[in-house]
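>
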Amino acid sequence: MASSDEDEDLKLALALSLHDSPPKQPKRVKTDPKAIDLTSDTEDEDEDMRRAMALSLGALKQSASPQQPLTAKLSSAVTCSSPITTGTIPASSTLHTSSSTGQSRASGISGIDRKAMELERLARLGKRKREPPPSLPSKQTASDARVNPDVQAPSIMSTLEYPRGAIKRTAATNFPRTDDITIDEVLQAESLNIAVISSFMWDSQWLVKKLSPRKVKQIWVMNAKGEDVQQRWVREMEEAGVPNLKMHFPPMDGLIHSMHSKLMLLFGKDKLRVVVPSANMIPFDWGEVPNDWQPGVMENSVFLVDLPRRNDRAVGDKKDLTAFGKELVHFLERQEIGTNVADGVRKFDFAQTGHLAFVHAIGGSHPGESQNPTGLAGLAKAIRDLELDDVKVIEIDYASASLGAINDQFLQRMYLAARGEPFTAASTVSNVRDHFRVYFPTDKAVEKSIGGRDCGGTISLCKKYYDAPTFPRECLRNYDSTRRGMLSHNKLLFARGIKNNGKPFAWVYTGSANMSESAWGMQKVLKKTGQVGSLSIRNWECGVVVPVPKQKILSLDSSDGKIPPMSVFDGTIEVPFVHPGEAYGDEQPWLFMSG
Numbered sequence: 008m009a010s011s012d013e014d015e016d017l018k019l020a021l022a023l024s025l026h027d028s029p030p031k032q033p034k035r036v037k038t039d040p041k042a043i044d045l046t047s048d049t050e051d052e053d054e055d056m057r058r059a060m061a062l063s064l065g066a067l068k069q070s071a072s073p074q075q076p077l078t079a080k081l082s083s084a085v086t087c088s089s090p091i092t093t094g095t096i097p098a099s100s101t102l103h104t105s106s107s108t109g110q111s112r113a114s115g116i117s118g119i120d121r122k123a124m125e126l127e128r129l130a131r132l133g134k135r136k137r138e139p140p141p142s143l144p145s146k147q148t149a150s151d152a153r154v155n156p157d158v159q160a161p162s163i164m165s166t167l168e169y170p171r172g173a174i175k176r177t178a179a180t181n182f183p184r185t186d187d188i189t190i191d192e193v194l195q196a197e198s199l200n201i202a203v204i205s206s207f208m209w210d211s212q213w214l215v216k217k218l219s220p221r222k223v224k225q226i227w228v229m230n231a232k233g234e235d236v237q238q239r240w241v242r243e244m245e246e247a248g249v250p251n252l253k254m255h256f257p258p259m260d261g262l263i264h265s266m267h268s269k270l271m272l273l274f275g276k277d278k279l280r281v282v283v284p285s286a287n288m289i290p291f292d293w294g295e296v297p298n299d300w301q302p303g304v305m306e307n308s309v310f311l312v313d314l315p316r317r318n319d320r321a322v323g324d325k326k327d328l329t330a331f332g333k334e335l336v337h338f339l340e341r342q343e344i345g346t347n348v349a350d351g352v353r354k355f356d357f358a359q360t361g362h363l364a365f366v367h368a369i370g371g372s373h374p375g376e377s378q379n380p381t382g383l384a385g386l387a388k389a390i391r392d393l394e395l396d397d398v399k400v401i402e403i404d405y406a407s408a409s410l411g412a413i414n415d416q417f418l419q420r421m422y423l424a425a426r427g428e429p430f431t432a433a434s435t436v437s438n439v440r441d442h443f444r445v446y447f448p449t450d451k452a453v454e455k456s457i458g459g460r461d462c463g464g465t466i467s468l469c470k471k472y473y474d475a476p477t478f479p480r481e482c483l484r485n486y487d488s489t490r491r492g493m494l495s496h497n498k499l500l501f502a503r504g505i506k507n508n509g510k511p512f513a514w515v516y517t518g519s520a521n522m523s524e525s526a527w528g529m530q531k532v533l534k535k536t537g538q539v540g541s542l543s544i545r546n547w548e549c550g551v552v553v554p555v556p557k558q559k560i561l562s563l564d565s566s567d568g569k570i571p572p573m574s575v576f577d578g579t580i581e582v583p584f585v586h587p588g589e590a591y592g593d594e595q596p597w598l599f600m601s602g
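Residue numbers for the sequence shown follow our numbering, so the first one is 8 and each next one is one higher.
1. Counting Cβ pairs, one atom from each stretch, are 3 or more of them under 8 Å apart for the stretch 294-306 and the stretch 327-341?
2. For the stretch 356-432, which segments carrying the beta strand (DSSP E) assignment without a break, of at least 3 residues, lie completely within its bounds, in sequence order?
3. K354 to D186, Cα distance in whole Å?
4. Buried or exposed for V400, please, with buried defined as at least 16 other CB atoms from any protein chain shown within 10 angstroms of its CB.
5. For D235, which of helix, strand or coil comes out of DSSP?
6. Locate the beta strand (DSSP E) running through H255, then write down its first and last residues.
7. Are the C-beta of M305 and some C-beta of chain C separated by less than 8 Å?
8. Give me the Cα-Cα distance between S525 and D487, rounded to the nearest whole angstrom.
9. By DSSP, does W293 sit in helix, in strand, or in coil?
10. Measure the C-alpha to C-alpha separation of R480 and W227 and round it to an integer number of angstroms.
11. Grab me the residues of E1's own chain with a C-beta within less than 7 Å of its C-beta, minus the 5 sequence neighbours each way, in chain order.
12. Is T517 near P583, with beta carbons less than 8 Å apart?
13. In the DSSP assignment, what residue or residues form a beta bridge with G518?
14. Rounded to the nearest angstrom, what separates N181 and Q558 at their Cα positions?
15. Straight-line CA distance for G261 to M573?
16. What's the gap between the Cα of G371 and the Cα of S206?
17. W227 by DSSP, collapsed to three states: which one?
18. On the CB-based measure, 16 or more other CB atoms within 10 Å of its CB, does E548 come out buried or exposed?
19. How big is the Cα-Cα spacing for A233 and R545?
20. Put T329 into one of helix, strand or coil per three-state DSSP.
21. Do the stretch 259-278 and the stretch 440-459 meet, that is, are 3 or more Cβ pairs less than 8 Å apart?
22. Do D356 and N507 have their beta-carbon atoms positioned less than 8 Å apart in this structure?
23. Quick one: residues in its chain with C-beta nearer than 7 Å to the C-beta of H367, no 5 flanking neighbours on either side, listed in chain order?
24. Relative to the C-alpha of A196, which candidate in W209, K216 and A179 has its C-alpha closest?
25. Mind reading off the beta-carbon distance from G375 to S541? Whole number of angstroms is fine, and I expect it under 8 Å.
26. Report the residue from A425, L410, R460 and S434 whose alpha carbon sits nearest the alpha carbon of C469.
27. Where DSSP assigns a beta bridge to G275, which residues make up the other side?
28. What did DSSP end up calling P73 once you bin it into helix, strand or coil?
29. So, with DSSP's three-state summary, where would you put V283?
30. Okay, do the stretch 302-313 and the stretch 164-172 touch, 3+ Cβ pairs below 8 Å being the bar?
31. With distances taken Cα to Cα, identify the nearest neighbour of S437 among V553, K451, L418 and N318.
32. Looking at the unbroken alpha helix (DSSP H) that takes in G351, where does it start and where does it end?
33. Just to confirm the assignment, what range does the alpha helix (DSSP H) spanning V249 have?
34. Can you round the beta-carbon distance between H496 and N307 to whole angstroms, since I take them to be within the 8 Å contact cut?
35. Within 10 angstroms of the Cβ of L561, are there 16 or more other Cβ atoms? Answer buried if so, exposed if not.
36. Let me confirm a value: L194 is counted as buried when at least 16 other C-beta atoms fall within 10 Å, else exposed. Which label applies?
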């Protein structure tokens, strides 16, 4: 008979996995992210917790057979308000836009069946020859290994991959690697301690395989409209028993429709990686497919920057942050994630982000004049802060995965914001359509794409919007990926122009904001007063403005006042589509809904 100490692992695993007490009903919808301490530098106090998690959670099984073709996984309906999926790809015929009920979804959080996984693991364990558990380092040993904050450590700057930020394409299965990046290369899971991840849609089982809660503490910032939906998701998370994982829902009251922003805060021992992708947390968006023989079908963009830990290891003062850091922290505060998140971010050095701008859209209603502008007003402020304003002429190329009810008024407001100018009652822009090219796929392009029509569900334009006489059809260009046959979930705004002093400029926005008033905000001139009304934003969004470096601009021939060509972005971003793009002509756009 085995001795009691030989059974220690088995007893601990059983205690963790077979507890019969029902989960308590949540008293409040928002779980407390303070339970995950982002300000602590020490990890040794979590050693027992890590050991317990390692014993209690086994490897997750694939949610679909490796031989299952891509289009065979489209049967489950996915709603924008219920984004937790398990390997499904949204099809246009089943994707719904209602955000109040969220009743239709795949297996979701409850699909992470901890007890079933544990029983399988225990069955395997029982077949193995019993061995004593490996020795664990003592807390004293871990304590001795800590870095003395009074001793200047070697500079970490030389080890950071992206100290000044970079924009990458998402890699795609069976396409040549270029200036792209995989989800695993983004996460660097082996070096992470804590991850705060925001997304509109989720494949929870896929993500847990990439980033196991056994090893990495996590907060998931999720989209759910309605207290009943939020409570149900919290309850399912508790019933699943996944440890070290918290769900958070930003304010979704009133006119707020969606938590659409994508953001990752990846905390390691000596660095914080800030990631702003256009991709959701689903394999489909990251170029992954179920089978090795299938190519990727959807492409996205990723901004990422690596920040070193402050030398004094203290929480920095918010007023000392760069504009990028201030707006990031402000966004986190407005999402009410918790003071520990903002404090954790401020333990890192933002000094190398002075040339960047973090641009957000904070859901809700905002006064016309605000000390913390957001939406298009926030974009205009960012352009001024980066000294990219004082514009004589500007050209805009916008690749969008979704188009709202856009019209000349919206184009004028976006045009002014891209110039760094405020929207006022007196604002007018003549021939604004001449300055825009909007890249969106035709119906034929989606049909002939690698994934076909079944993979166009996250690309949306309502027929009633397109049929409106105010819709700027002549601005549309077919999105034709340079990786032939791929569809796009990108949200990229390329701006090129000449300043009043005759000097050229160029910058790009990458993030979560599509070309719509829901993403950037709606603001009108009040008829009675003639004043600009409040700014109404339906979505939470975030993105980054990255200017083309001055040395690249100086190399241009600007003697004749020519606007820089799209090639000016070489070295800043790999432009993922053919430009200037083919006008629609007699072609029709890919239509998401017929009503």
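A virtual CB, placed ideally from N, CA and C, is assigned to each residue, including glycine.
Per the coordinate set shown:
1. Taking 8 Å as the limit for Cβ pairs, the verdict is that the stretch 327-341 does not touch the stretch 294-306.
2. Along the length of the stretch 356-432, whole beta strand (DSSP E) runs at least 3 residues long occupy 364-368, 371-373 and 398-406, reported in chain order.
3. Rounded to the nearest whole angstrom, the C-alpha separation of K354 and D186 is 30 Å.
4. The residue is exposed, with fewer than 16 neighbouring Cβ atoms inside 10 Å.
5. In this structure, D235 counts as helix in the three-state DSSP scheme.
6. Note, H255: beta strand (DSSP E), L252 to H255.
7. Structure shown: chain C not included; a single protein chain is present.
8. Roughly 26 Å between the two C-alpha positions.
9. Three-state result, W293: helix.
10. Using only the alpha carbons, I get a separation of about 38 Å.
11. Residue 1 lies beyond the range of the chain shown here (8 to 602); nothing can be said about it.
12. Contact check for T517 against P583 fails: the beta carbons are separated by 8 Å or more.
13. In DSSP, G518 forms a bridge with G550.
14. A straight-line Cα-Cα distance of about 35 Å links N181 and Q558.
15. Straight across, the Cα-Cα distance linking G261 with M573 is about 41 Å.
16. Taking C-alpha positions only, G371 is separated from S206 by approximately 19 Å.
17. W227: strand per DSSP, three-state reduction.
18. E548 counts as buried, since no fewer than 16 other beta carbons sit within 10 angstroms of its beta carbon.
19. One detail in the question is off: residue 233 reads as Gly in this sequence, not Ala. In this structure, the CA atom of G233 is about 14 Å from the CA atom of R545.
20. Note: T329 maps to coil in three-state DSSP.
21. At 8 Å Cβ cutoff, the stretches do not touch.
22. Their beta carbons are not under 8 Å apart, which means N507 does not touch D356 by this criterion.
23. Same-chain partners within the cutoff: E334, F338, T381, G385, E548 and C549.
24. Cα-wise, what sits closest to A196 is K216.
25. Right, the Cβ-Cβ distance comes to about 6 Å (below 8 Å), so this counts as a contact.
26. Of the listed residues, the one whose Cα sits closest to C469 is L410.
27. Within the DSSP secondary-structure output, G275 pairs in a beta bridge with L199.
28. Note on P73: pLDDT 38, under 50, position unreliable in the model; the coordinate value appears next. The answer is coil: DSSP assigns P73 none of H, G, I, E or B.
29. DSSP places V283 in strand when its eight states are reduced to three.
30. In short, these stretches touch, since the Cβ pair count reaches three.
31. Nearest of V553, K451, L418 and N318 to S437, Cα basis: L418.
32. T346 to V352 is the extent of the alpha helix (DSSP H) around G351.
33. Boundaries cannot be given for V249, as no alpha helix (DSSP H) includes it and DSSP labels it neither H nor E.
34. Indeed they touch by this definition, with Cβ atoms about 5 Å apart.
35. The residue is exposed, with fewer than 16 neighbouring Cβ atoms inside 10 Å.
36. Buried.
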